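Chemist: Mapping the sequence shown onto this note's numbering, position 400 (from 1) lands on 417, and the numbers just tick up by one.
From the three backbone atoms N, C-alpha and C, an ideal C-beta is built for every residue, glycine too.
Only a predicted model underlies this, so the values are computations on that prediction, with no experimental measurement involved.
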Amino acid sequence: MKRRVSMIRWKLLLVFIILGRMANASSQADSLLNDYKEKLASIFVVPSATLDDKYEYQPGYVLVNKLSKPQKNQQTVSKIIIDLRDGKKDYLAYNFPSNEILSNVSESGFIHKINNSALLYEAKNGADGIFMHDEEGKSILSVFKDSTLSIKKYEVVRFPKELKRFLPNKGFDTAREVGIGMSNWNRFSWRNLGLYYFDNQFTLNPSFEELLDKGVLFYSENIAEDHAKLVRAYENHLLLIESKIEQSYQYDTVGVKNELDEVSLNEVIVEQTALRLSAYRNSLALYQKRNILPLINVDQINGVVSDHRKDKSDDFINRARFYLPNILNANDSIKTLNLYISLCDRQDKLIAVSEDLRRIKDFEGVSKILVTKGLAEPFFNSSLLNDFDAVLVADEVDEITWDLLAQALFGGISVSGINLKASHLTDLGFHNAGISKSRLAFSLPEVVGMSTDTLKRVDKLISKAIIEKATPGAQLLIARGGEIVWQKTYGYHTYSKRIRTSNEDLYDVASVTKLCTTLPIVMDMYEKGIINIDDSLIHYLPGIDTIDKKDIIIKDLLLHQAGLVSFIPFHRNAIDEESLNEHALYSRHYSSTYNIKLDQWFYQNKNAKYRKDVFQGIQDSAFSVQVSKNLFMNHNYIDSMKAMVYNSKLYEQKNYLYSDVGYHFLHLIMDAKLKMPIDEYYYTHFTNRLGINRILYKPLSKFSTNVIIPTENDKSFRKELLHGYVHDQGAAMIGGVAANAGIFANSADLAIFSQMLLNKGEYGGVKYFKPETIEYFTSRQDSLNRRGLGVDKPELDPDKQSPASLLVSSSSYGHTGFTGTMVWIDPEYQLIYIFLSNRIHPDSYNKKLIELNVRTDIQDVIYKSIISN
18 MKRRVSMIRW
28 KLLLVFIILG
38 RMANASSQAD
48 SLLNDYKEKL
58 ASIFVVPSAT
68 LDDKYEYQPG
78 YVLVNKLSKP
88 QKNQQTVSKI
98 IIDLRDGKKD
108 YLAYNFPSNE
118 ILSNVSESGF
128 IHKINNSALL
138 YEAKNGADGI
148 FMHDEEGKSI
158 LSVFKDSTLS
168 IKKYEVVRFP
178 KELKRFLPNK
188 GFDTAREVGI
198 GMSNWNRFSW
208 RNLGLYYFDN
218 QFTLNPSFEE
228 LLDKGVLFYS
238 ENIAEDHAKL
248 VRAYENHLLL
258 IESKIEQSYQ
268 YDTVGVKNEL
278 DEVSLNEVIV
288 EQTALRLSAY
298 RNSLALYQKR
308 NILPLINVDQ
318 INGVVSDHRK
328 DKSDDFINRA
338 RFYLPNILNA
348 NDSIKTLNLY
358 ISLCDRQDKL
368 IAVSEDLRRI
378 KDFEGVSKIL
388 VTKGLAEPFF
398 NSSLLNDFDA
408 VLVADEVDEI
418 TWDLLAQALF
428 GGISVSGINL
438 KASHLTDLGF
448 HNAGISKSRL
458 AFSLPEVVGM
468 STDTLKRVDK
478 LISKAIIEKA
488 TPGAQLLIAR
498 GGEIVWQKTY
508 GYHTYSKRIR
518 TSNEDLYDVA
528 SVTKLCTTLP
538 IVMDMYEKGI
548 INIDDSLIHY
558 LPGIDTIDKK
568 DIIIKDLLLH
578 QAGLVSFIPF
588 HRNAIDEESL
598 NEHALYSRHY
608 SSTYNIKLDQ
618 WFYQNKNAKY
628 RKDVFQGIQD
638 SAFSVQVSKN
648 LFMNHNYIDS
658 MKAMVYNSKL
668 YEQKNYLYSD
678 VGYHFLHLIM
688 DAKLKMPIDE
698 YYYTHFTNRL
708 GINRILYKPL
718 SKFSTNVIIP
728 TENDKSFRKE
738 LLHGYVHDQG
748 AAMIGGVAAN
758 AGIFANSADL
768 AIFSQMLLNK
778 GEYGGVKYFK
788 PETIEYFTSR
798 QDSLNRRGLG
808 VDKPELDPDK
818 QSPASLLVSS
828 SSYGHTGFTG
838 TMVWIDPEYQ
848 LIYIFLSNRI
858 HPDSYNKKLI
868 ELNVRTDIQD
878 VIYKSIISN
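1. How far does the beta strand (DSSP E) with residue 149 in it reach, from first residue to last?
2. Nearest-angstrom Cα distance between residue 684 and residue 520?
3. Have a look at residue 606 and residue 639 and give me their C-alpha separation to the nearest angstrom.
4. Which value, in whole angstroms, describes the spacing of the CA atoms of residue 171 and residue 163?
5. Where do the ends of the beta strand (DSSP E) carrying residue 64 lie?
6. Quick check: the Cα distance between residue 336 and residue 424, rounded to an integer number of angstroms?
7. Let me make sure I understand the geometry here. Which of 632, 653, 80 has the alpha-carbon closest to that of residue 646?
8. Do you know whose CA, among 141, 329, 366, lies nearest residue 273's CA?
9. Using a 10 Å radius around the Cβ and a threshold of 16 neighbouring Cβ atoms, would you call residue 395 buried or exposed?
10. Exposed or buried, which one is residue 464 when buried takes at least 16 other CB atoms within 10 Å?
11. Using only alpha-carbon positions, find the residue among 399, 487, 807, 366 that is nearest to residue 888.
12. Quick check: the Cα distance between residue 122 and residue 178, rounded to an integer number of angstroms?
13. In terms of residues, what are the limits of the alpha helix (DSSP H) holding residue 789?
14. Indicate the three-state DSSP secondary structure (helix, strand or coil) for residue 487 in the structure shown.
15. So who's on the other strand from residue 832, going by DSSP bridges?
16. Have a look at residue 59 and residue 94 and give me their C-alpha separation to the nearest angstrom.
17. Looking at the C-beta of residue 707, does it have a partner C-beta in chain C at a distance below 9 Å?
18. Under 7 Å Cβ to Cβ from residue 569, same chain only, skipping five residues before and after it: list those, please.
19. Taking DSSP's pairing of strands, which residues face residue 10 in a bridge?
20. Kindly indicate which three-state DSSP category residue 503 falls into: helix, strand or coil?
21. Three-state secondary structure (DSSP) at residue 887?
22. Are the beta-carbon atoms of residue 99 and residue 68 separated by less than 9 Å?
23. By how many angstroms is the C-alpha of residue 884 removed from the C-alpha of residue 827?
24. Counting only the same chain and skipping the five closest in sequence on each side, list residues whose C-beta sits under 6 Å from that of residue 643.
25. Can you tell me whether residue 727 is buried or exposed? The criterion is at least 16 other CB atoms within 10 Å of its CB, across all chains shown.
26. Whose CA, out of 783, 72, 805, 277, lies closest to the CA of residue 792?
27. If distances are taken between C-alpha atoms only, which option among 756, 768, 542 comes closest to residue 702?
28. To the nearest angstrom, report how far apart residue 508 and residue 375 are at their CA atoms.
29. Please list the terminal residues of the continuous beta strand (DSSP E) segment that includes residue 449.
30. In the DSSP assignment, the alpha helix (DSSP H) including residue 340 goes from what residue to what residue?
31. Taking the Cβ atom as the reference point for each residue, do residue 681 and residue 755 lie within a distance shorter than 9 Å?
32. Thinking just about the alpha-carbon of each residue, which of 608, 393, 113 is nearest to the one in residue 412?
33. Kindly identify the DSSP beta-bridge partner or partners of residue 725.
34. Which residue's Cα is closest to the Cα of residue 282: 109, 253, 813?
35. Count the other C-beta atoms from every protein chain shown that fall within 10 angstroms of the C-beta of residue 379, then say buried if there are 16 or more, exposed otherwise.
36. Please report the distance separating the alpha-carbon of residue 628 from that of residue 753.
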């Protein structure tokens, strides 16, 4: 009996052991089952809006339009992918372009480039990857795979309907065996997958492993249903080797994160901003019947803009006037016309556009351009477009502004796109064409590798200068790489704050005249063989052979090392000595007699009068030289001024000493050799051809005082506020046109001129100088003299004061002006810096702008804003 009980106990124990093992095996099987189901779910890409939170298995990738903070206790194994197919709005200056915009870009490799940049940008902001179309229109999901930041790209196909085109045709004799004689249930399951089913004949077997090797993910908007289909296929041995999932979809997440932490977000933002703008620019498309674009000889163009847009504004024509100052609205009185531009963004306005063309039929040789935005395909099928010579096409997105279209039309940006909506234009005889960049454009600091946040510091510097009354106002322009990225105005014309400063305002730029006017004229004469800068003055100036200056060479005049004095006080030499009553003209001490302050501890005798045979308050045939609004000079006194120049002191040592007298000699040479006034020569050969009208002498001949910044309230000489008349006394006494001073300008036109120099003598498709001429004149000529030929250069000796920031390159050059101006050009950084102010208003002895180092401190900030620095 005991033996039987013992046997029963052993049998029961054995049963429990067996059952336990069976239970353990069942548990392991369930674990394995869940494991492969999770792996199958990991190859699905699912839009977040369609995600079923109750479904047991999370997809591998979830598509979102933007990142959001996870909710409390929310956990997900899915990778968060930013969906960029329809574009994306974020905090950058430009939205990410949609697939439609990118499809218009013809530049080879551009989509690949912006894809990789967008991946880095989104990953730095916390995403796992991005989803967008490639050059072939395929849907591509991109992620970083390992610590080297190598990129893995997967093609995403809709499951199951798009899967057919990816699976290779294979018979049943593959390495993976499938049981002979599929059951009807197997056939039904396979058919429900939607894979290779033709008339109930299973003649093809998909090799799913090869599909995974290619890098393919499944797009699903019903993860529960589609995942179940894939699980059934796996369980019935129709698809998939489990190890392939492990091999194809493994990531070194930690390594990627660590490497991303080392990447500069600023540099990523710079690159992404530039590429986004480039996408919008490159999506513009041009179609021409005859090659009228690009527009080159702007001095010969008389243009009109006719506006047929829904919301009319001046954005297009205002930007067009940067390139073509004399362009008119169609409503203006038109006397001559050879360029007609029509703006249209409405289908129903095409007839009105066509009727407008009839108005100009009497003008011969008119080039007709249609600029469109946001129009659908039917618009471009109309035969009414036959009357145009060119059509510029853009899609309707906020980033493509009419301002941008104006820049494109005038060569500020290149045009190279192909617009599918406008493809029918080829049936009307148009051909897709391009425009190369040849002029300045407008963009943002980040586009050219600079930081907006850093540049904002200049606002504080200039505001502080205005508060401390270093200047009542200013213009500031910064350009880099052919892009104007900062064009701002500050303050007012005067401290009375009646007129705010604008970008159109004209400043007396003083000695910047030497850079923007005298330099190009001298270089032009040099290239044409009119002068040899190694020749002495005796070769060019009659009557100089009898004085001590006959052997001075032109090169030394440009370098300020001819031994000449700094300046000649022409007006002081016209003082009526009797009016001083045997007193001195100046005193170091203030008194009732010496109460006209000229500088710190320097005062003029209030009784001083000027000779009546030299100056008077009314203009007539003898007193024909207008010095200021209410002062006129006897023209014969100009000969006396010339004699003063000839007979001025000459130092034996030819050391560097800044001298305006050298530029008086240059002026005399130009007058002798050019056979026309230097202002006329300058306008004809340079400003007119460059398309600028706001670099000029005697601005009151073309502009009102409302756009001219006043300078000194001159109590010493002219006894009035100088408003539209040059401040420099010597320049004023020869009529306002001189080689050393006299130019009034705004920052925008100075930027165009500076860009021509930076382009080695070329701008807008016109060549003004040979590159070697620019290089020669702007290079340092002497180890003991920092200057170039007609330009200032940074000081290399740390013990000497430099005119520019210590951060500029040694190849940079420019000039400053007494009135508080500065233009500086840096070829190494492709940088232009222009600062204009009227620091001498109302008193020329106000040196606060200089004492505060405003101009060079601004320049410091500019160079520190360059990301690579």
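Modeler: With the structure as the only source:
1. 146 to 150
2. 31 Å
3. 38 Å
4. 15 Å
5. 61 to 64
6. 7 Å
7. 632
8. 141
9. exposed
10. buried
11. The structure shown does not extend to residue 888, since the chain is modelled only from 18 through 886, so no value can be given for it.
12. 30 Å
13. 788 to 794
14. coil
15. 840
16. 9 Å
17. No chain C appears in this structure, which consists of one protein chain only.
18. 553, 554, 579
19. The structure shown does not extend to residue 10, since the chain is modelled only from 18 through 886, so no value can be given for it.
20. strand
21. Lying before the first or after the last residue shown, residue 887 is absent from the chain, which here runs from 18 to 886.
22. no
23. 20 Å
24. 649
25. buried
26. 805
27. 542
28. 47 Å
29. 448 to 450
30. 332 to 340
31. yes
32. 393
33. 523
34. 109
35. exposed
36. 20 Å
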